[in-house]
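Worksheet: the structure to be examined is printed underneath.
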Amino acid sequence: MSRLLGLVLAVSLLPSPLRSQDSLVVRLRRQADSLLGTWREAQLLADVADSLEQVRATAGSDTIAVGGLRIIVNPSPLPWREAAEHAWPVIDSLYGSAAEDLSRHPYIFRAVDPDSGVRRTVLHVGVELPWDLDVRATATLLLTTVNAPRFDAALADWLGSGLRPTLHPQSERAAVFVQLLTVPSEAVRACFLGDIAHCKDVLQLGDSIGLLERWYATPAEREALVASSFTDYFARGATAPSLQNCRQHRDDACTSLLQSLPPGSLPRPLAHAARILLVREALRAGGRDAYRRLVARPSAPIRERLASAAGMDIDSLVARWRNAALAARPKPLTLPWWAGFAAIGWTAFFGLCALRSSRWRL
Amino acid sequence: MIAMFRAVLYSEWKWSRLVVALGTVAAFAIPLVSLQGAARADRGALQAQELLRSVQSWGTLYPLLATALGLLMAIAAWAPDHRGRHIHALTLPLERWRYVLLRFGAGFVLLAAPIAAVLIGSSLAVLTATLPPGLQAYPIALAVRFAFAVLVAYAVFFAVSSGTARTAGIILGVIAAVILVQVVASIANIDLNLFGAAQTVLLLGPGPLAVFTGRWMLVDV
Amino acid sequence: MSDAIQIERLHYRAGKNFAIKELDLHVPSGSIYGFLGPNGSGKTTTIRLILGLLRPLSGRITVLGLPMPEQHARILGRIGYVPEQPHLDATLTVRELIDFQAAFYPRWDRARAEELVQRFELDGERLFGRLSKGQKAKLMILLALAQCGDLLVLDEPTDGLDPVVRRDILSALVSYVSERDATIFISSHLVHELERVCDWVAVMDDGRLITEAPMERLKHGTKRLVVIGAPAEIVNPPFRVLTRESANGGGAGENWVVGDWEPAMTSYFEGVGASVRDVIDLDLEDGFVELLRSFRKGETRR
């Protein structure tokens, strides 16, 4: 009987912690909903403030339209139309048909006198710039501040930077070439020598499992990475002994330190220029709608998005990227053709000065 | 004229043989030392960066060596004449400009040794080293650049050394005047950058010191 | 060509305090020409002008028939020069200096050079900087002589040397002159030495030429006269009056130092009512000193 009573008592008491747990969840859920609502209201207010600011900033300004570009500026000596005419073809060549969407996101600029000390209102929307820039500088400004249309966070995260047009594509390719030769990673070197699988690894086009071993295959590379990039980071606290061990060529210590880094902190063997070049090659190969295909499916894996944009399989795209980098080998460090003449000329000049010295003249 | 040149060359060799010998040894050694790590294949993927770093840092010695050789050879060309107040040179039976030309030419001939040493040393270094894939060696370009740098340095210091004290005073006076004008302009808040202009004229483009600037790389991408 | 060196109306200025003015000088070919003067008188400057080391303000210099400095290279090929101070490279040996010099002179006489090396007892492998003063002087003379020049210009070549070395050098010079028809232009303030070898002499002081004459005339023509009863003013004497002062110890006599004297000139004094009680010979040094004294007093100019 007592056992039954205990059992009944236990059963009757069982729902109470569950009930209190249930009320906590409900409370928390209500708080979350309230916060979400507050955030949405704040967003609305911010949007209103931004739009008011935009109206204020663009009041009394001119609008310059070139292609898909809309530039709202105050009257100034800056050569906006000329600069836009320089910049638009470059922008159009990158974003293709998607460049027309840029008209929905105008540039807002305020040109100011660089020599003036007059106080002016702070500009919250748009960019303030001096009005003594030339066409090239203004065009560069347009290229570097353009907002890539529908540029999603996944793509930005993978790229490590924005995707903007460039006036110096050859320099970019040359930089990638130098990285392929000099980065201290066997995987990158294998990519340079033609191993496409390694190229996909170092460009992080596959899964993210075992990146450390795939990117930095040898103990020497891992030790060099710790020494060059993380000495200060690991020098304190619990990781200090492991750092010492790593310096004494103990690979297990180096590996454990690198594996302890937060996700996404492991330095990429190739800097973002390599990935940007890959995207540019994909867009070049894929035609005018390549960019639209690239940003069409933000949740798809990067390799599929790139392949879709390029209109070819990922191996072919990576091979194309590698070829573009190899073709951009920087000019060798020989003297320019005029340097020899200049040196001989100066030698002769100073020799003549010696001959004409008053001591040696009658 | 050939006999005169031989005589001048011999005397100049006697004055400058230590400089030429040391300069030749240094010119031969720098490329070898700069590539000393290249033969170590055990460094794997790290080799390229380390090699380029080593070559670049050792490469700073080439323009310094060129300048030092030019300066010391120019001093050696004229020091004995300066000591004798040029009486002997001025009483020799040939046009004075010919005598100066003989001295100038003798210096060039002697400077051929360190220039050749750079070429031989860098060629030897490249032949005995195992370069990482993709890197290229430029021993001839390096030697040619070194040759130009040595010749320009020698010509500049030779011209200064063969001048009179008044010439040296004028040169120093011009430098002092530039510094003074720059200081006054800075005090008066005038936007004037004479040093920058001088730097541009001397170091960039076809300026006399342009051949010295930049990276001196025996090995590069 | 009658003069090896011809200087006409030469002007040169060195600094504020020294100038050579209106210098006229003629060195006959084949002569041994002594150029006398005290220290700082302008001898070395004149020599440098002759060799083209300095450029005159005005005037003309002709050496071996060619204008200086326009033809300096051709002229210097025929001149052997020994400067006052050693001017050769101290880091070269005797042999190397000989070889160096030989390369520049087409008329270089190797046999003469070798012979002089033996005669002067020079060590061929010794550095010039390690030679003694006398050895350096001998080497410089050797180089000048081996060039087989038509003109030797020697600037105080025996200054500071011991008598043995001086004798060796002078005898080498005399031998050279006797073998070749060369001209020697030798400057010095050692009067006795020049007296023995020179056949022409010029005296310079303060940038001006005081006198230029054959040695015999200067030496034998300079006398000290003891004159009695000479008038205060004398008109057009046939000789040069260098100094005139009262005789020491009172008396009616005066001491005159005269140049260009000849014995027959005693009749001049008789003509003015005076008489010459004594004629005393002066050696070159005394005559040189009296010349300088009179020049500096401005008593006489010729």
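Chains as they are written, first to last, in my numbering: chain A, 86 to 447; chain B, -14 to 206; chain C, 13 to 314. Heads up, the beta-carbon is just placed ideally off N, CA and C, and yes, glycines get one too. Please read all numbers here as calculations on a predicted model, not as lab measurements.
Asked, Found
"Between which two residues does the beta strand (DSSP E) harbouring C/PHE47 extend?", "44 to 48"
"Restricting to Cα atoms, I'd like to know which of C/PHE30, C/ALA26, C/LEU35 is closest to C/ILE5.", "No answer is possible for residue 5 of chain C: the residues shown for chain C start at 13 and end at 314."
"According to DSSP, which residues form a beta bridge with C/MET80?", "C/ILE73"
"Distance check for C/TRP120 and C/GLY168, CA to CA, integer angstroms please.", "Before going further, note that residue 168 of chain C is Glu rather than Gly in the sequence given. So the alpha carbons of these two residues sit roughly 24 Å apart."
"Using a Cβ cut-off of 8 Å (strictly closer), state whether B/TRP82 contacts chain A.", "yes"
"Counting only Cβ-Cβ distances shorter than 7 Å, please list the residues of the segment 106 to 133 of chain B near chain C, keeping chain order.", "none"
"Given a limit of 7 Å on CB to CB distance, which residues of the segment 266 to 291 of chain C reach chain B?", "none"
"Scan the segment 120 to 184 of chain B and note each continuous alpha helix (DSSP H) run of 4 residues or more that stays entirely inside, going in chain order.", "124 to 147, 150 to 172"
"Applying the 10 Å Cβ sphere with the 16-neighbour rule, what's the burial state of B/ILE160?", "exposed"
"What's the C-alpha gap between C/ARG313 and C/VAL186?", "Note on C/ARG313: pLDDT 42, under 50, position unreliable in the model; no value is reported."
"Give, in chain order, every unbroken run of the alpha helix (DSSP H) that is at least 4 residues long and sits entirely within the segment 226 to 278 of chain A.", "238 to 244, 254 to 267, 271 to 277"
"Verify the CB distance criterion: does C/ALA10 have a CB-CB separation below 8 Å to chain B?", "Because chain C here runs from 13 to 314, residue 10 of chain C falls outside it and cannot be looked at."
"Can you give me the C-alpha to C-alpha distance between C/ALA102 and B/ALA(-8), rounded to a whole angstrom?", "16 Å"
"Please report the distance separating the alpha-carbon of B/TYR139 from that of C/GLY141.", "28 Å"
"Which residues, taken in chain order from the segment 62 to 94 of chain C, show a beta carbon closer than 9 Å to some beta carbon of chain F?", "Of the chains in the structure shown, none is chain F; the protein chains are A, B and C."
"Please classify A/PRO326: does DSSP put it in a helix, a strand, or coil?", "helix"
"State the start and end residues of the unbroken alpha helix (DSSP H) segment that holds C/GLN18.", "Taken as a continuous stretch (DSSP letters only), C/GLN18 belongs to no alpha helix (DSSP H), being part of the beta strand (DSSP E) at 15 to 26."
"Can you tell me the Cα-Cα spacing of B/THR149 and C/GLU137, whole angstroms?", "33 Å"
"Using 8 Å as the limit for Cβ to Cβ distance, is C/ALA115 near chain B?", "yes"
"A/ARG195 to A/ALA172, Cα distance in whole Å?", "19 Å"
"If distances are taken between C-alpha atoms only, which option among A/ARG373, A/GLU213, A/ALA338 comes closest to A/VAL465?", "Residue 465 of chain A lies beyond the residue range present for chain A, which begins at 86 and ends at 447; the question has no answer from this structure."
"Mark B/ALA153 as exposed unless 16 or more other C-beta atoms lie within 10 angstroms of its C-beta, in which case mark it buried.", "exposed"
"Quick one, which of B/LEU31, B/ALA195, B/VAL166 has its alpha-carbon nearest B/PRO118's?", "B/LEU31"
"Compare the C-beta of B/SER147 with all C-beta atoms of chain A and state if any pair is closer than 8 Å.", "yes"
"Check whether the segment 203 to 222 of chain C touches the segment 39 to 49 of chain C, taking contact to mean three or more Cβ pairs, one atom from each stretch, closer than 8 Å.", "yes"
"Got a sec: is the Cβ-Cβ distance from B/TYR29 to anything in chain A below 8 Å?", "Looking at the sequence provided, one finds Gly at residue 29 of chain B rather than Tyr. Yes, B/GLY29 lies at the interface with chain A (some Cβ there is under 8 Å from its Cβ)."
"Quick one: give me the first and last residue of the alpha helix (DSSP H) that B/MET(-11) is part of.", "-13 to 19"
"Taking Cβ-Cβ distances below 7 Å as the criterion, which residues of the segment 416 to 440 of chain A are in contact with chain B?", "PRO417, LEU418, THR419, LEU420, TRP423, ALA424, GLY425, ALA427, ALA428, TRP431, THR432, PHE435, GLY436, CYS438, ALA439, LEU440"
"What residues from chain B crowd round A/ARG414, counting only those whose CB sits closer than 8 Å?", "VAL206"
"Which one or two residues does DSSP pair with C/ALA221 in a beta bridge?", "Here residue 221 of chain C is Leu; the residue named in the question, Ala, does not match the sequence. In DSSP, C/LEU221 forms a bridge with C/MET216."
"Would you identify the three-state DSSP class for A/PRO174, choosing helix, strand or coil?", "helix"
"List the residues that DSSP assigns as beta-bridge partners of C/PRO226.", "C/TRP212"
"When DSSP labels each residue in this structure, what does C/LEU304 get in the three-state scheme?", "helix"
"If you count every other CB in all the chains shown that lies within 10 Å of the CB of A/GLN128, and 16 or more means buried, which is it?", "exposed"
"Whole angstroms are fine: how far does the CA of C/PRO249 sit from the CA of C/ALA286?", "13 Å"
"So, is C/GLY241 buried or exposed, given that buried needs 16 or more other C-beta atoms within 10 angstroms?", "exposed"
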